[in-house]
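Numbering (this note's numbering), first residue to last: 3 to 290.
Beta carbons are placed, not taken as given, at the ideal position from N, Cα and C, and that holds for glycine.
Please read all numbers here as calculations on a predicted model, not as lab measurements.
Everything on this sheet refers to the single structure shown next.
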Ligand code: SAM
């Protein structure tokens with residue numbers, strides 16, 4: 003049974019292997035069994051599931067995943083953790099440890115090989131320095147995904163979940179909500195980790211949409227428009243689109259398109275919903 007979530011056991015393992023935390027890898031290990039149980043419950047892992055864990059650390063959450071899933075692949079960059087994982091996960095025959103940088107792993111191939119291309123579940127206490135590239139990489143490379151349940155910095159979880167008109171709303175909110183339905187399932191204080199992070203954390207579940215919520219003729223163009231709109235937050239949407247390196251559109255095309263969308267030309271990007279960005283990109287595409 004899983005036992006590493008108890009602080010004393012984590013300390014014992016760390017001492018046995020003379021492990022030194024590496025700040026550059028965002029190493030903050032979970033030491034709270036309630037939080038671990040909450041993550042597993044929110045991820046809804048069953049014996050049918052293949053789970054990808056990103057950054058297993060000393061294997062605390064991996065033990066829980068092995069108990070609940072059919073098979074687990076855990077990708078860990080720090081080679082010093084590999085012998086520790088061999089020890090803490092020695093009792094499980096349904097786990098594979100992959101010593102690699104997650105950003106360099108072909109996750110589609112992994113899902114093909116290990117799960118016959120069927121949707122996988124991703125569960126992780128993420129290294130915070132690469133939260134956005136990991137999540138966007140999973141979505142944009144069209145890995146078959148059922149859900150992503152991850153611990154992230156609280157502020158980043160808020161940004162993923164909010165809608166238009168709020169200060170945290172931006173390109174990340176729109177990108178995440180295009181692909182998935184986000185739901186914050188727990189707020190986690192720093193004392194649940196060793197060492198304690200300087201920021202608050204939250205567990206967020208991103209459930210992949212079965213069908214995309216909006217119809218976009220050119221996804222790449224929509225995301226270029228979104229990035230351009232939020233690059234200069236205090237500017238109007240029209241100025242953001244005009245002054246961005248992302249696009250080369252004339253003032254006339256931009257103003258005509260915004261008017262066609264049925265909103266004032268003075269509107270700011272942060273007031274537009276995902277559906278409006280989708281429509282705007284379809285309008286602009288026709289004029290290009
Ligand atoms: N899952 C463990 C836990 O909850 O106790 C550890 C979580 S810790 C926040 C993040 C983990 O991700 C660390 O083990 C770290 O070494 C690993 N990591 C950091 N960058 C990585 C990368 N690029 N690819 C794979 N793992 C990485």
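Rounded separation between residue i and residue j - CA only
{"i": "residue 89", "j": "residue 138", "result": "33 Å"}
{"i": "residue 86", "j": "residue 123", "result": "24 Å"}
{"i": "residue 259", "j": "residue 282", "result": "7 Å"}
{"i": "residue 257", "j": "residue 233", "result": "18 Å"}
{"i": "residue 166", "j": "residue 226", "result": "18 Å"}
{"i": "residue 108", "j": "residue 230", "result": "29 Å"}
{"i": "residue 150", "j": "residue 45", "result": "8 Å"}
{"i": "residue 32", "j": "residue 195", "result": "5 Å"}
{"i": "residue 8", "j": "residue 100", "result": "25 Å"}
{"i": "residue 287", "j": "residue 146", "result": "28 Å"}
{"i": "residue 275", "j": "residue 81", "result": "44 Å"}
{"i": "residue 14", "j": "residue 21", "result": "10 Å"}
{"i": "residue 267", "j": "residue 237", "result": "12 Å"}
{"i": "residue 41", "j": "residue 10", "result": "21 Å"}
{"i": "residue 185", "j": "residue 203", "result": "14 Å"}
{"i": "residue 164", "j": "residue 18", "result": "44 Å"}
{"i": "residue 279", "j": "residue 152", "result": "27 Å"}
{"i": "residue 216", "j": "residue 162", "result": "17 Å"}
{"i": "residue 106", "j": "residue 135", "result": "11 Å"}
{"i": "residue 235", "j": "residue 219", "result": "26 Å"}
{"i": "residue 16", "j": "residue 30", "result": "13 Å"}
{"i": "residue 71", "j": "residue 263", "result": "47 Å"}
{"i": "residue 130", "j": "residue 59", "result": "14 Å"}
{"i": "residue 244", "j": "residue 175", "result": "22 Å"}
{"i": "residue 119", "j": "residue 223", "result": "28 Å"}
{"i": "residue 178", "j": "residue 43", "result": "22 Å"}
{"i": "residue 83", "j": "residue 47", "result": "25 Å"}
{"i": "residue 239", "j": "residue 172", "result": "13 Å"}
{"i": "residue 221", "j": "residue 284", "result": "10 Å"}
{"i": "residue 277", "j": "residue 140", "result": "22 Å"}
{"i": "residue 121", "j": "residue 180", "result": "18 Å"}
For residue i, the first and last residue of its enclosing alpha helix (DSSP H)
{"i": "residue 283", "result": "276-289"}
{"i": "residue 149", "result": "It is not in any alpha helix (DSSP H) - residue 149 instead sits in the beta strand (DSSP E) that spans 147-155."}
{"i": "residue 241", "result": "239-244"}
{"i": "residue 96", "result": "Taken as a continuous stretch (DSSP letters only), residue 96 belongs to no alpha helix (DSSP H), as it is neither H nor E."}
{"i": "residue 113", "result": "109-117"}
{"i": "residue 18", "result": "9-18"}
{"i": "residue 229", "result": "221-233"}
{"i": "residue 263", "result": "253-263"}
{"i": "residue 64", "result": "62-70"}
Exposure of residue i, with buried meaning 16 or more beta-carbon neighbours within 10 Å
{"i": "residue 103", "result": "exposed"}
{"i": "residue 64", "result": "buried"}
{"i": "residue 214", "result": "exposed"}
{"i": "residue 143", "result": "exposed"}
{"i": "residue 24", "result": "exposed"}
{"i": "residue 117", "result": "buried"}
{"i": "residue 73", "result": "buried"}
{"i": "residue 3", "result": "Because residue 3 carries a pLDDT of 43, less than 50, the predicted location of this residue cannot be relied on, and the following value inherits that uncertainty. That one is exposed."}
{"i": "residue 78", "result": "buried"}
{"i": "residue 252", "result": "exposed"}
{"i": "residue 92", "result": "exposed"}
{"i": "residue 133", "result": "buried"}
{"i": "residue 12", "result": "buried"}
{"i": "residue 1", "result": "Outside the displayed range of the chain (3 to 290) lies residue 1, so it cannot be described from this structure."}
{"i": "residue 242", "result": "buried"}
{"i": "residue 50", "result": "exposed"}
{"i": "residue 61", "result": "buried"}
Residue interval of the beta strand (DSSP E) (run including residue i)
{"i": "residue 207", "result": "203-210"}
{"i": "residue 190", "result": "182-190"}
{"i": "residue 77", "result": "73-77"}
{"i": "residue 55", "result": "52-56"}
Identity of the residues DSSP links to residue i by a beta bridge
{"i": "residue 164", "result": "Per DSSP, none; premise fails for residue 164."}
{"i": "residue 141", "result": "DSSP lists no partner for residue 141."}
{"i": "residue 124", "result": "54 and 150"}
{"i": "residue 31", "result": "196"}
Residue-level contact to chain B via CB, residue i, 8 Å cutoff
{"i": "residue 155", "result": "Within the model displayed, chain B is absent; a lone protein chain is all it includes."}
> With a cut-off of 8 Å, do at least 3 Cβ pairs link the stretch 146-160 to the stretch 189-204?
Replying inline: yes
>> Whether or not the stretch 111-128 and the stretch 45-55 are in contact is what I'm after, with contact meaning three or more pairs of Cβ atoms, one per stretch, closer than 8 Å; do they touch?
In response: yes
>> Check whether the stretch 262-274 and the stretch 203-212 touch, using three or more Cβ-Cβ pairs below 8 Å as the test.
In response: no
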